[in-house]
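Enquirer: My questions all concern the structure below.
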Amino acid sequence: MLLPGFRPNMEMELFFERKMEMPLVGTKEMFAKAYDGGYAIGAFNVNNMEIIQGITEAAKELSAPLILQVSAGARKYANHTYLMKLVEAAVIETGLPICLHLDHGDSFDLCKSCVETGFSSVMIDGSHLPYEENIRLTRQVVDFCHKYDVTVEGELGVLAGVEDEVHSNVHVYTQPGEVQDFVGRTGVDSLAIAIGTSHGAYKFKPGTKPQIQLDILHEIEKRIPRFPIVLHGSSSVPPEIVKIINENGGKMDDAVGIPEEQLREAARSAVCKINIDSDGRLAMTAAIRKYFNEHPEEFDPRKYLSPARDALKALYMHKNKNVLGSAGKA
Ligand code: G3H
Ligand code: 13P
Ligand code: ZN
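For reference, each letter of the sequence shown is one residue, going 79 to 408 in my numbering.
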């Protein structure tokens with residue numbers, strides 16, 4: 079409660095308003111525990127109610143800490159207010175420590191607006207900018223966010239694949255020699271690195287051996303000891319799910335992802351956050367395609383969205399338990 083006669087300035091008003099809104103958590107404590115415990119927190123993208131329910135029910139059942147992340151595309155699709163209210167419902171229903179994070183923020187204004195409307199964490203993705211510009215933008219976001227206890231993820235290195243409108247055909251691996259300078263000058267709370275993961279379902283050419291560059295990760299760990307590292311583009315594109323899609327009218331023959339054992343190994347090291355979105359999309363798509371194929375007469379969305387939500391829950395239970403190692407850590 080504020081003292082009588084005390085008039086907070088606008089910054090303080092926003093700070094108190096944010097604290098009272100809903101009990102979301104930032105990443106600081108989550109990452110410290112994950113680092114010491116040799117596991118990673120799942121950062122799963124959310125776009126609608128069924129996705130939020132599938133992910134949060136899985137986490138609740140396993141008592142796993144959780145980051146729900148929202149991209150600019152998700153806000154465009156679902157509307158910011160709907161997403162906030164759905165996440166609020168998940169916090170109430172699960173009682174879990176949940177972090178609500180902006181995925182791939184591309185400007186100071188977008189990050190600022192997410193802070194003002196209650197996010198507990200943001201990513202500022204300046205990875206496509208020249209190094210000094212990345213530092214300048216990231217520092218600006220950190221200075222703003224830290225006033226409100228909001229944690230910030232920055233990125234160094236470029237992932238191949240598609241991120242909203244940004245498309246890159248080549249990996250530009252993170253240079254270990256730059257990380258200490260970047261982290262020191264920006265003040266970020268975590269760092270996303272490029273070591274061969276990529277966005278989407280087509281990460282490697284069929285027939286080639288998928289391999290992330292764990293030696294670069296270990297070199298980075300040495301340069302910034304105990305600093306939380308983030309891996310984007312970490313879907314594994316499970317062949318059994320792709321098979322169901324293809325058997326039920328889909329056409330995704332060339333889809334290949336990151337082997338789960340490699341992610342498990344990364345989660346044991348400094349990697350504290352692993353981003354997964356495409357695998358969830360595949361699980362939902364497989365369930366819906368199968369349902370439609372087996373029940374061509376059905377048209378009630380609840381009928382085909384229920385198995386889709388169940389499939390998501392099963393997928394994310396598997397990720398928390400067997401890939402991230404986060405089960406029982408909430
Ligand atoms: O990294 C990208 C995430 O998968 C979000 O994808 O921008 O299509 O929402 P989106
Ligand atoms: P995937 O496309 O591999 O699921 O990556 C998601 C991601 O990095 C979200 O930021
Ligand atoms: Zn990403």
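Even glycine gets a Cβ: it sits at the ideal position worked out from N, Cα and C. Computed from a predicted structure; not experimentally measured.
Helix or strand or just coil, what does DSSP make of A410?
Expert: Residue 410 lies beyond the stretch modelled for the chain, which goes from 79 to 408, so this question has no answer here.
Enquirer: Three Cβ pairs or more, each shorter than 8 Å: is that satisfied between the segment 172-189 and the segment 130-144?
Expert: yes
Enquirer: Give a yes or no on whether the C-beta atoms belonging to D355 and F122 are separated by under 8 Å.
Expert: yes
Enquirer: Using the Cα positions of R217 and D187, report the straight-line distance between them to the nearest angstrom.
Expert: 14 Å
Enquirer: Which residue's Cα is closest to the Cα of E297: T286, Y251, K287, N326?
Expert: Y251
Enquirer: Buried or exposed, going by whether 16 or more other CB atoms sit within 10 Å of the CB of D378?
Expert: exposed
Enquirer: Around the Cβ of K283, are there at least 16 other Cβ atoms within 10 angstroms (buried) or fewer (exposed)?
Expert: exposed
Enquirer: Can H182 be considered in contact with the ligand 13P, in the sense that its beta carbon sits closer than 7 Å to one or more heavy atoms?
Expert: yes
Enquirer: Would you kindly work out how many angstroms separate the C-alpha atoms of D114 and G285, rounded to a whole number?
Expert: In a straight line, the C-alpha of D114 is about 37 Å away from that of G285.
Enquirer: Since E409 and V266 are thought to touch, with beta carbons under 8 Å apart, how far apart are those beta carbons, to the nearest angstrom?
Expert: A question about residue 409 goes unanswered here, because the residues of the chain that appear run from 79 up to 408.
Enquirer: Kindly indicate which three-state DSSP category L146 falls into: helix, strand or coil?
Expert: strand
Enquirer: Looking at the unbroken beta strand (DSSP E) that takes in M201, where does it start and where does it end?
Expert: Counting along the chain, the beta strand (DSSP E) containing M201 begins and ends at 199-202.
Enquirer: By alpha-carbon positions, which one of E194, L360, Q289 ends up nearest to F222?
Expert: For the options E194, L360, Q289, the alpha carbon positioned closest to that of F222 is the one of E194.
Enquirer: The beta strand (DSSP E) that contains T216, what's its start and end?
Expert: Here T216 belongs to no beta strand (DSSP E); instead the alpha helix (DSSP H) covers 209-224.
Enquirer: What are the partner residues of V232, as DSSP defines its beta bridges?
Expert: The question names Val, but residue 232 is Gly in the sequence shown. Paired residue(s): L269.
Enquirer: Hey, quick one: how far does the alpha helix (DSSP H) through N371 stretch, first residue to last?
Expert: Looking at the DSSP string, the run of the alpha helix (DSSP H) that includes N371 is 356-372.
Enquirer: Report all residues from its chain with a CB closer than 7 Å to the CB of F370; omit the five preceding and five following residues, and keep chain order.
Expert: Y382
Enquirer: The ligand ZN and H277: does any heavy atom of the ligand fall closer than 7 Å to the residue's C-beta?
Expert: yes
Enquirer: Return the CA-CA distance between V401 and K281, expressed in angstroms with no decimal places.
Expert: 18 Å
Enquirer: Taking 6 Å as the limit between beta carbons, can you name the residues of its chain near S313, skipping five residues before and five after?
Expert: These residues qualify, in order along the chain: G335, I354, S356, D357.
Enquirer: Taking D388 as the reference, give the member of A167, A361, E372 with the closest Cα.
Expert: Taking only the C-alpha atoms, the option nearest D388 is A361.
Enquirer: What three-state label does DSSP hand I290 in the structure shown?
Expert: coil
Enquirer: Cβ-heavy atom distance between D357 and the ligand 13P below 7 Å?
Expert: yes
Enquirer: Would you kindly check if the distance between the Cβ of G235 and the Cβ of I271 is under 8 Å?
Expert: Contact annotation: I271 and G235 have beta-carbon atoms nearer than 8 Å.
Enquirer: The ligand G3H heavy atoms versus the CB of A428: any closer than 7 Å?
Expert: Residue 428 cannot be examined here, being either before or after the span of the chain that is shown, 79 to 408.
Enquirer: Rounded to whole angstroms, what is the Cα-Cα separation between V200 and T229?
Expert: 6 Å
Enquirer: How about L360: is its C-beta nearer than 8 Å to some C-beta of chain D?
Expert: The structure shown contains no chain D; it is built from a single protein chain.
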